[in-house]
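Numbering (the numbering used here), first residue to last: 497 to 957.
Please read the structure below before turning to the comments.
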Amino acid sequence: MNIQEFQALVFQAAQEQGLKDYDLYYQKTSTQEYEVYQGEIEKFSGTTVMGACFRCLLEGHMGYSSTQRFSQEDARNLVEQAVESARAVESKDPQFLYDGSLGTAQSLKSASGRAPAAQDMRDAALELERLALAEDSRIQEVSGCQVAYEEWEIHMANSRGMDLSRGSQVLVAYVEDMAKVEGKPLNAYAVKVAETLDGLDLKACARLAAENTLGFVGAKSIPSGTYPVVFSSKAMISLLDTFSGVFSADNAQRGLSLLGDQVGKTIASDALTLVDDPLYAGCINKVPFDAEGVPTHRKAVVEGGVLTTLLHNLKTAAKAGVPSTGNACKWGYTSPVGVAPSNFYVQPGTLSREELFQAVGEGLLITELRGLHAGANAQSGDFSLECRGYRITGGQKGAPVDQIVIASNFYELLKQVVAVGDDLEFGTPGADSCFGSPSVWVRGAAIAGQEDGTASQSQGK
């Protein structure tokens, strides 16, 4: 039974129950992963998970029920369980189904719409390991090598005539090198993504992994102090991903963000603009409608340092007295509706990374942050993280730096942005959210390095 046939059965059962306001959300996720070790396919996994969630409004309460089975009996059970759920809810928060007042979204399929052939996936994974080992004779082993495919299909319909679907897919190449230089072990990884297997640049992934690994030959710590810092795209994406929840109206309304009363106020440097663009051309994943069926649109969440809006779903928007921003999300078909960004990124500037280095003069380039799950407080904004990168010396990328810790606060970091580069990159997309950033120059951040160095460095421009 396909989803359209099951939807018809569910809606028929809802009408028999006398329901007037309801919707059905269906999600299918398919994955293939090929892992290689020493010239052989070491592991293969392939999964397909599909399920549907039914919601209904009953006397002002929202009931939820979900299923992975799709028969006529399951359709009836799904509706009955949602009705029981609504009757058990005691929350007095108003609940909403989308009524079409913000326009009608369009369905959207992925550009390719088909999974790559299994043999092509196998060949790509084996080729990635071969390329990684061939990059440099100092690379002794490829400790991790994987080519993966993931596809999402989402379908939504409600009792008010909405009937939408969207699909997307991503190919991911991952490789981790191990080397030993002058008796010291080194390891680092690289990731590349594309919408199709043909578009996946395996050579670039292998080259980047080698650069990330061998670039830290001779890396040392530095004296503790306050340094001007340039965060690489990769490092800034990690921070933005970790702290993106502070821009959620749901978190703000529950006291889990410090931005609840800051809309319309300056919260960052005027050099910083943060954009949420669900249909951004440079992103693999396009999100034409959110998890409530509201059409999505581009918005500058922070523009020139001013917080112009928080991200809303229908419920949080009603509380705030504003329209939904089209940022309702579901972290899986069984989850309740929450709030999350779509394609969320720092708007690029006009300076190249080399020009940023020249402007900084003396400072630090941070290329990798570690321990974000343990070392960052997503509510307060505080973080203390192991990191590594390179000195910036005489306006140039200099010697590698390791065994240091950066301590700061995300809210304060936004205010410290001096300039933004033009090298915008995006991380690996998920079903709903993807994060991007160019290099970002921050005026000063506290660095803990070698114990005998305490001299504070210049704050820079």
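Ideal placement from N, C-alpha and C gives every residue a C-beta, glycine not left out.
A straight line joining the alpha-carbon of Val-575 with that of Glu-501 spans about 15 Å.
Distance between Asp-694 and Val-585, taken at the CA atoms: about 50 Å. Pairing Lys-605 with Thr-543, the inter-Cα distance amounts to about 21 Å. Your pair Pro-719 and Pro-844 does not check out as a contact, with CB atoms roughly 32 Å apart and the cut at 8 Å. Shortest Cα-Cα distance from Pro-784 to any of Ser-838, Ser-734, Gln-568 involves Ser-838. Annotation for Ala-700: Lys-688 place their beta carbon closer than 7 Å to its own, counting only its chain and skipping 5 residues before and after.
In its chain, beyond the 5 residues on either side, Ala-745, Pro-819, Ser-820, Thr-821 have a beta carbon closer than 8 Å to the beta carbon of Ala-813.
Excluding its 5 nearest sequence neighbours in each direction, Leu-629 has C-beta neighbours in its own chain below 7 Å: Ile-635, Val-638, listed in chain order. At least 8 Å separates the beta-carbon of Ile-902 from that of Arg-884. With respect to Phe-931, Tyr-841 sits close: the two C-beta atoms are nearer than 8 Å. Counting along the chain, Ile-499 sits inside the alpha helix (DSSP H) bounded by residues 499–512. For Gly-871, the closest C-alpha among the options Ile-862, Glu-649, Leu-881, Gly-828 is that of Leu-881. When the Cα atoms are used, Ala-702 and Ala-611 turn out to be separated by approximately 23 Å. Where Arg-887 is concerned, the enclosing beta strand (DSSP E) starts and stops at 878–889. Under DSSP, Arg-572 takes part in no beta bridge, so it has no partner. Between Asn-809 and Val-835, the beta carbon gap of about 5 Å places them in contact (Cβ cut-off 8 Å).
Taking C-beta atoms under 8 Å as the contact rule, Ser-904 and Phe-879 qualify, at a distance of about 6 Å.
Looking at the backbone, the Cα of Thr-805 and that of Pro-774 are separated by about 16 Å.
Comparing C-alpha distances from Gln-665 to each of Lys-676, Tyr-645, Arg-656 shows the shortest one belongs to Tyr-645.
Taking a cut-off of 8 Å on C-beta distances, the stretch 547–555 touches the stretch 506–522, as three or more cross pairs fall below it. In its chain, beyond the 5 residues on either side, Ile-635, Gln-636, Glu-637, Val-638, Ser-639, Pro-681, Leu-682, Asn-683, Thr-709 have a beta carbon closer than 8 Å to the beta carbon of Met-674. A direct Cα-Cα distance of roughly 5 Å separates Leu-860 from Val-725.
If you check the CB distance, Tyr-530 and Ala-653 do not come in under 8 Å.
Across the set Ala-944, Tyr-723, Arg-626, the C-alpha of Arg-626 shows the shortest separation from the C-alpha of Ala-706. Val-802 and Lys-761 do touch by the CB rule: their CB atoms are close to 7 Å apart, below 8 Å. Straight through space, the alpha carbons of Ala-613 and Gly-751 are spaced by roughly 48 Å. Counting along the chain, Ala-941 sits inside no alpha helix (DSSP H); it lies in the beta strand (DSSP E) bounded by residues 936–944. Here Pro-925 is buried. Its C-beta has 16 or more other C-beta atoms within 10 Å. Within the model, the alpha-carbon separation for Gly-556 versus Asp-786 is close to 22 Å. Using a 10 angstroms sphere on the CB of Thr-863, the tally of other CB atoms reaches 16 or more, which defines it as buried. A Cβ-Cβ separation of about 6 Å places Pro-832 in contact with Tyr-560 under the 8 Å criterion. Judged by DSSP in its simplified three-state form, Asn-905 adopts strand. Nearest C-alpha to Leu-865 among Thr-889, Val-897, Met-558: Val-897.
Relative to the Cα of Leu-920, the nearest Cα in the group Ser-603, Ile-733, Lys-893 belongs to Ile-733. Per the C-alpha coordinates, the member of Gly-828, Ala-941, Leu-736 positioned closest to Trp-648 is Gly-828. With a contact defined as Cβ atoms closer than 8 Å, Ile-888 and Glu-858 qualify at about 6 Å.
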